[in-house]
Amino acid sequence: MTKLNKTAILVFTNSAKTEMALKPIQQGEALFNKLTQETLRKVKRTGLPYFHISEKEQKGHTFGERFTKAIQTIFENGFENVITVGNDTPQLSTAHLLKASHALQTGKTVLGPSIDGGFYLMGIHKSNFDQETFKRLPWQRFSLFNRISTLLDETDNLLFQLPLLSDIDTVEDVKRLASFSKSISTAVLQLLRALVRQGKILPIIVASTYDKILLQQPCNKGSPLLLHS
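In the numbering used here, the protein residues as written are 198 to 426.
Okay, structure coming up:
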């Protein structure tokens with residue numbers, strides 16, 4: 198395995214059906230499907246090995262458990278670095294992923310902060326990842342980015358920070374992103390603007406409800422599949 202191929206990308210997602218149950222957007226199936234397709238397209242263009250782990254492969258009762266187990270699984274497959282992304286950041290680019298890969302090769306840990314106080318991308322070496330510690334972070338809370346930044350600082354990690362981007366969780370996110378024209382694909386932009394025009398938006402679901410809804414989904418907890426190497 199070459200130095201470059203010691204890095205794998207984790208695309209950690211929910212199906213469109215589950216996203217619609219978790220987020221305040223009615224009739225958003227086309228949007229969520231397109232976001233996943235576009236994320237995978239951008240990931241494939243990096244040439245890096247990647248794993249796409251949806252709720253069918255995720256294991257655990259909380260988001261933190263599911264997410265950290267997915268990361269640990271990739272390390273156990275022999276990779277030294279993992280770059281994690283979701284499917285709800287339409288401004289994410291292949292360039293962001295390649296910058297993260299380069300930073301990891303120079304010994305840095307990478308975070309891409311999101312407007313909601315979390316992050317849309319994390320790049321980390323296996324020596325800097327402790328599953329139990331990361332599992333206890335305040336996932337899906339506004340304090341997540343600050344807390345993980347503090348944790349990395351406490352463990353003497355050199356941090357490389359990507360640009361601030363917006364993911365899609367709330368009414369404000371949909372409206373904000375619908376006003377962009379340069380950094381979002383035409384297909385996604387059209388779907389966002391159509392949802393704004395139709396008013397297909399519901400009250401936001403709180404984080405504690407997230408795990409309850411996801412646990413109700415019928416899942417086949419199989420092994421994650423290496424889709425490209």
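By construction, the Cβ of each residue, glycine as well, lies at the ideal position given by its N, Cα and C atoms.
*Of the choices Asn211, Phe339, Gly396, whose alpha-carbon is the least far from that of Lys253?*
By one-based count along the sequence shown, residue 253 stands at place 56. The shortest Cα separation from Lys253 among Asn211, Phe339, Gly396 belongs to Asn211.
*Just curious, the beta strand (DSSP E) that Ala205 is in, first and last residue?*
On the sequence shown, residue 205 is found 8 positions in, with the first residue counted as 1. From DSSP, the beta strand (DSSP E) with Ala205 extends over 204-209.
*Alpha carbon to alpha carbon, how far is Arg394 from Gln387? Give it in angstroms, no decimals.*
Here residue 387 refers to the residue found at position 190 when the sequence shown is read from its first residue. Here residue 394 refers to the residue found at position 197 when the sequence shown is read from its first residue. Roughly 11 Å separates the two Cα atoms.
*Please report the residue range of the beta strand (DSSP E) in which His249 lies.*
If you number the sequence shown from 1, residue 249 lands on position 52. Note, His249: beta strand (DSSP E), 247-250.
*Kindly indicate which three-state DSSP category Leu301 falls into: helix, strand or coil?*
As a working note, residue 301 is residue 104 in the sequence shown. Three-state result, Leu301: helix.
*Pull up the distance between the alpha-carbon of Ile321 and that of Asp366, whole angstroms please.*
The residue labelled residue 321 in the question sits at position 124 within the sequence shown. The residue labelled residue 366 in the question sits at position 169 within the sequence shown. Between Ile321 and Asp366, the C-alpha separation is close to 25 Å.
_Contact belief for Thr447 with Ser311 at Cβ below 8 Å, rounded distance in angstroms_ = No statement about residue 447 is possible, as the shown extent of the chain runs from 198 to 426 and does not include it.
_What would DSSP say about His293, mapped onto helix, strand or coil?_
Here residue 293 is taken as the residue at index 96 of the sequence shown, counted from 1. Looking at His293 - three-state DSSP - the assignment turns out to be helix.
*Which word fits Asp350, buried or exposed, when buried means at least 16 other C-beta atoms lie within 10 angstroms of its C-beta?*
Sequence index remark: in the sequence shown, residue 350 carries index 153 (1-based). Flag for Asp350 reads exposed.
*Residue from Val279, Gln358, Asp313 whose Cα sits closest to the Cα of Leu341*: Residue 341 sits at position 144 when you count from the first residue of the sequence shown. The option with the nearest alpha carbon to Leu341 is Asp313.
*Tell me, please, whether the stretch 224-237 touches the stretch 298-312 by the rule of three or more beta-carbon pairs shorter than 8 Å.*
no
*asked:* Would Leu207 and Ala267 be called neighbours here (beta carbons separated by less than 7 Å)?
replied: In the sequence shown, counting from the first residue as 1, residue 207 sits at position 10. In the sequence shown, counting from the first residue as 1, residue 267 sits at position 70. Result yes, Cβ atoms of Leu207 and Ala267 sit closer than 7 Å.
*Mind the definition here: the stretch 325-336 touches the stretch 369-389 only if three or more C-beta pairs lie below 8 Å; say whether that holds.*
no
*What's the call for Gly283, buried or exposed, on a 16-neighbour Cβ count within 10 Å?*
Start at 1 with the first residue of the sequence shown, and residue 283 comes out as number 86. When all chains shown are included, Gly283 counts as buried.
*Between which two residues does the alpha helix (DSSP H) containing Ile312 stretch?*
Mapped onto the sequence shown, residue 312 falls at position 115. Where Ile312 is concerned, there is no enclosing alpha helix (DSSP H), given that its DSSP letter is neither H nor E.
_Test item: CB-CB of Phe272 and Lys323 under 7 Å_ = On the sequence shown, residue 272 is found 75 positions in, with the first residue counted as 1. On the sequence shown, residue 323 is found 126 positions in, with the first residue counted as 1. Yes, these two residues count as a Cβ contact at 7 Å.
*For Arg373, collect the residues of the same chain with a Cβ closer than 7 Å to its Cβ; drop the 5 residues on either side in sequence, then sort them by chain order.*
Translated into positions along the sequence shown, residue 373 becomes position 176. Closer than 7 Å at Cβ, skipping near neighbours: Ser363.
*Over what stretch of residues does the beta strand (DSSP E) that includes Ile280 continue unbroken?*
If you number the sequence shown from 1, residue 280 lands on position 83. Segment 278-282, the beta strand (DSSP E) holding Ile280.
*What span of residues does the alpha helix (DSSP H) with Gln395 cover, start to end?*
Your numbering for residue 395 matches position 198 in the sequence shown. Run containing Gln395: 383-395, per the alpha helix (DSSP H) assignment.
*Status (buried if at least 16 other CB within 10 Å, exposed otherwise) for His249*: Translated into the one-based positions of the sequence shown, residue 249 becomes position 52. Flag for His249 reads buried.
*Alpha-carbon to alpha-carbon, Ser380 and Lys203*: Within the sequence shown, numbered from 1, the residue matching residue 203 stands at position 6. Within the sequence shown, numbered from 1, the residue matching residue 380 stands at position 183. For Lys203 and Ser380, the distance between alpha carbons rounds to 29 Å.
*Going by C-alpha distance, which of Leu245, Pro360, Gln255 is nearest Val307?*
The residue labelled residue 307 in the question sits at position 110 within the sequence shown. Per the Cα distances, Pro360.
_Could you tell me the alpha carbon to alpha carbon distance between Gln234 and Thr215, rounded to whole angstroms?_
Residue numbering aside, residue 234 sits at position 37 when the sequence shown is read from its first letter. Residue numbering aside, residue 215 sits at position 18 when the sequence shown is read from its first letter. When rounded, the distance between both Cα atoms is 16 Å.
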